[in-house]
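Asks:
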Amino acid sequence: MAQCKAGWHLHDEPLPDPDPPGDDAKTLVRLRADLEAVRTDAVTGHDMDQVTKVDDLISQVDAALNDLGVRGKAAPDTRERPRRTRSTKRRQDAPDLPRLPVDRRTVGRTFTAPDGTVWRPSMFLTLTCDSYGRVNSDGAPVNPGSYGYRRAARDAIHFPKLVDRFWQNLRRAVGYDVQYFACLEP
Numbered sequence: 001m002a003q004c005k006a007g008w009h010l011h012d013e014p015l016p017d018p019d020p021p022g023d024d025a026k027t028l029v030r031l032r033a034d035l036e037a038v039r040t041d042a043v044t045g046h047d048m049d050q051v052t053k054v055d056d057l058i059s060q061v062d063a064a065l066n067d068l069g070v071r072g073k074a075a076p077d078t079r080e081r082p083r084r085t086r087s088t089k090r091r092q093d094a095p096d097l098p099r100l101p102v103d104r105r106t107v108g109r110t111f112t113a114p115d116g117t118v119w120r121p122s123m124f125l126t127l128t129c130d131s132y133g134r135v136n137s138d139g140a141p142v143n144p145g146s147y148g149y150r151r152a153a154r155d156a157i158h159f160p161k162l163v164d165r166f167w168q169n170l171r172r173a174v175g176y177d178v179q180y181f182a183c184l185e186p
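Letter 183 of the sequence shown, counting from 1, is numbered 183 in the UniProt record's numbering, and no numbers are missing.
Right under this line is the structure:
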C-alpha cells in the first residue's frame, strides 16, 4: 500500500520510518528477555508448571508491548510446531516448478531504451466476476428471487484467496516482492 499511496514510479523503496521506542517499551522488552531466560531454565529443569506460568506472563508482556505500538512478535506462540504436510502429494515424476529466490524489495528493475529513455514496467490488472443478477441504482437486486446470493457470498470468500495466490506465484516468478492492492466489489 505504501507504493500505491506514494506512487508506483518511485526509484527507491518506500519504507516508513519506525517510531523510536519509548522508555516503557524498552523496560517491557528487557522484562520479556528476562522472562525468556527464566522459561529456558524451567524447560531445562523440566518444571512444566513454571513454564506455563512464565508463558502466561510472557503473553501479558506481549499484549502490553502491542498496546504500546511495538510491531512484530518476539517469539512464536507455539514453540514446537508439528511439521506441515500436504493432503495431496506432488507427483514424483513431475519436474520442479521454476522458482527464483525472492528479494526483499518491492521496486522492479528499470530498462533503458536505445534512445536513452529509462522505464520501469508496471501492470494494471482488472478481474471481473460474472454477474449475480440485475440490480437497481441503489445496489438492491431487481428480482431478489433470481439474484445469486450464494454465488456472491462464495466469490466474496474465495476470490481474494485466488488473487492472493496469483500474486504469490508472480512473486516467485519475477524474484521480488511485487506489491499490489485489490478491491472486491459486489
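Glycine is no exception: its CB is placed at the ideal position from the N, C-alpha and C atoms.
Given the structure is predicted, the values throughout are model-derived calculations rather than measurements.
Per DSSP, what kind of secondary structure is P141 in: helix, strand or coil?
Replies: Translated into positions along the sequence shown, residue 141 becomes position 141. Reduced to three states, the DSSP call for P141 is strand.
Asks: Measure from the alpha carbon of A25 to the alpha carbon of each residue in A74, T88 and P121, then state which is nearest.
Replies: Here residue 25 is taken as the residue at index 25 of the sequence shown, counted from 1. A25 has its Cα closest to that of A74, out of A74, T88 and P121.
Asks: Assuming G108 and R120 make a contact with CB atoms under 8 Å, what is their CB distance in whole Å?
Replies: Position 108 of the sequence shown holds residue 108. Position 120 of the sequence shown holds residue 120. Going by Cβ atoms, the distance from G108 to R120 rounds to 6 Å, so yes, they are a contact pair.
Asks: According to DSSP, which residues form a beta bridge with T110?
Replies: As a first step, residue 110 is located in the sequence shown; it is residue number 110 there, counting from the start. For T110, which the question treats as bridged, DSSP gives no partner whatsoever.
Asks: Leaving out the 5 sequence neighbours to the left and right, which residues in its chain are closer than 6 Å to V163 when beta-carbon positions are compared?
Replies: As a first step, residue 163 is located in the sequence shown; it is residue number 163 there, counting from the start. The residues are A182.
Asks: Quick check: V102 and G22, are their CB atoms within less than 8 Å of each other?
Replies: Indexing the sequence shown from 1 puts residue 102 at position 102. Indexing the sequence shown from 1 puts residue 22 at position 22. Their beta carbons are not under 8 Å apart, which means V102 does not touch G22 by this criterion.
Asks: Would you mind giving the Cβ-Cβ distance between V61 and R32, rounded to the nearest angstrom? I have them listed as a contact below 8 Å.
Replies: The count along the sequence shown starts at 1 and reaches residue 61 at position 61. The count along the sequence shown starts at 1 and reaches residue 32 at position 32. Indeed, because the Cβ distance is near 5 Å, the residues count as touching under 8 Å.
Asks: Output the distance between the C-alpha atoms of Y149 and S137, rounded to the nearest integer angstrom.
Replies: Mapped onto the sequence shown, residue 149 falls at position 149. Mapped onto the sequence shown, residue 137 falls at position 137. Y149 and S137: Cα-Cα distance of roughly 18 Å.
Asks: Taking 8 Å as the cut-off, decide whether the C-beta atoms of I58 and L28 are in contact.
Replies: As a first step, residue 58 must be located in the sequence shown, where it is residue number 58. As a first step, residue 28 must be located in the sequence shown, where it is residue number 28. Against a cut-off of 8 Å, the Cβ pair of L28 and I58 comes out as no contact.
Asks: In whole angstroms, give me the CA-to-CA distance for D12 and T110.
Replies: Locating residue 12 in the sequence shown gives position 12, where the first residue counts as 1. Locating residue 110 in the sequence shown gives position 110, where the first residue counts as 1. If you take the alpha carbons of D12 and T110, they lie about 12 Å apart.
Asks: Rounded to whole angstroms, what is the Cα-Cα separation between Y132 and P144?
Replies: As a working mapping, residue 132 is identified with position 132 in the sequence shown. As a working mapping, residue 144 is identified with position 144 in the sequence shown. Spanning the two alpha carbons is a distance of roughly 10 Å.
Asks: Can you confirm whether N136, when its beta carbon is compared against all beta carbons of chain D, has any partner nearer than 8 Å?
Replies: No chain D appears in this structure, which consists of one protein chain only.
Asks: In whole angstroms, what is the alpha-carbon distance linking Q168 and T44?
Replies: As a first step, residue 168 must be located in the sequence shown, where it is residue number 168. As a first step, residue 44 must be located in the sequence shown, where it is residue number 44. So the alpha carbons of these two residues sit roughly 40 Å apart.
Asks: Using the beta-carbon count (16 or more within 10 Å), is L65 buried or exposed?
Replies: Walking along the sequence shown from the start, residue 65 turns up at place 65. That one is buried.
Asks: Thinking A42 and V54 are a contact (beta carbons under 8 Å), I'd like their distance in whole angstroms, please.
Replies: The sequence position of residue 42 within the sequence shown is 42, counting from 1. The sequence position of residue 54 within the sequence shown is 54, counting from 1. Contact flag correct, Cβ pair sits at about 6 Å.
Asks: In whole angstroms, what is the alpha-carbon distance linking T126 and P98?
Replies: Here residue 126 corresponds to residue number 126 of the sequence shown, with the count starting at 1. Here residue 98 corresponds to residue number 98 of the sequence shown, with the count starting at 1. Spanning the two alpha carbons is a distance of roughly 26 Å.
Asks: Does the Cβ-Cβ distance between C129 and F166 come in under 8 Å?
Replies: Within the sequence shown, the letter at position 129 stands for residue 129. Within the sequence shown, the letter at position 166 stands for residue 166. In this structure, F166 does not lie closer than 8 Å to C129 by Cβ.
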